[in-house]
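In my numbering, the protein residues as written are 118 to 376.
The C-beta atom is built at its ideal place from N, Cα and C for all residues, glycine as well.
Have a look at the structure below, then the notes.
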């Protein structure tokens, strides 16, 4: 779809651009299924190493596009099919490859939670974040109720969700929502550097680490240690480990292939 542009580099970097700048890249009802398909496709392609999500123009994503919708009058309207929204959120969460949100301008509502669902968030200085739902008589979706407490704690999560205040990039950095804030002019270069570093990393080891971190809140210490031991047994049997060790002794950059 023209509304979702996907570009791939030879380095294995996939860039997904939400391309509705006149609507601040708001996602239309059919767009959630499009996002889910892209996430699944990236997950299944061995040559795809890292996913960068961004927005065209001056904004990241203003959430769901409610323009012209008559939700209250037509409960069967496609927007009410929240299963597609949830499926897209799950596909992003389950994606085993590293993901980076490159946030320019506004990231609000489901757009904020789309960013929070990524592994890393880099924001330009002009970026703004808001769980805007309450101001539209809506409750939080796209996994925001699951993500927020884990990122900022329960009381701060309630403040963000119930008051729906807008956060500057600096404020988002201070409470731990974003990893880095850089000048707007440096956003592309900074994210490209991170994406290249991730794309050059060991795919299998990164996937296992990401999966264990995502599951850590539901595991005991003993269970986490068991997962770590199992993951290391997989890594120790991999070709990538042998390549990493050999590259270390040969004083060169390793070439990891994910096997």
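For residue 236, the closest C-alpha among the options 266, 169 and 135 is that of 169. Listed in chain order, the beta strand (DSSP E) runs fully inside the segment 141-216 are 167-172, counting runs of at least 3 residues. A residue is called buried when at least 16 other Cβ atoms come within 10 angstroms of its Cβ; residue 184 does not meet this threshold and is exposed. In the DSSP assignment, the residues bridged to residue 219 are 239.
With respect to the 9 Å criterion, residue 245 and residue 224 are classified as neighbours on the basis of their beta carbons. Excluding its 5 nearest sequence neighbours in each direction, residue 240 has C-beta neighbours in its own chain below 6 Å: 220, 286, 295 and 298, listed in chain order. Given a length threshold of 4 residues, each whole run of the alpha helix (DSSP H) inside the segment 251-284 is given here in chain order: 261-269 and 271-280. In the displayed model, residue 132 falls within a strand according to three-state DSSP.
The Cβ atoms of residue 172 and residue 135 sit closer than 9 Å to each other. Across the structure, residue 143 and residue 360 are spaced so that their CA atoms are roughly 44 Å apart.
Taking C-beta atoms as the reference points, residue 278 and residue 261 count as a pair closer than 9 Å.
The C-alpha of residue 129 is placed about 28 Å away from the C-alpha of residue 141.
Beta-bridge partners of residue 123 (DSSP): 133. Here residue 246 is bridged, per DSSP, to 224 and 284. Shortest Cα-Cα distance from residue 133 to any of 126, 139, 121 and 127 involves 121. Under DSSP, residue 297 shares a beta bridge with 239. Here residue 319 carries a coil assignment [DSSP, helix/strand/coil].
Taking a cut-off of 8 Å on C-beta distances, the segment 200-218 touches the segment 313-330, as three or more cross pairs fall below it.
Straight through space, the alpha carbons of residue 374 and residue 365 are spaced by roughly 16 Å. Residue 351 has its alpha-carbon roughly 35 Å from the corresponding atom of residue 290. DSSP, read as helix, strand or coil, puts residue 328 in helix. The criterion of a C-beta distance shorter than 9 Å is satisfied by residue 229 and residue 247.
Where residue 350 is concerned, the enclosing alpha helix (DSSP H) starts and stops at 338-353. By the Cβ-count criterion, residue 362 is exposed, with fewer than 16 other Cβ atoms from all chains shown falling within 10 Å of its own Cβ.
By the C-beta density criterion, residue 376 is exposed, having fewer than 16 other C-beta atoms within 10 angstroms. If you draw a straight line from the Cα of residue 162 to the Cα of residue 354, it is about 22 Å long.
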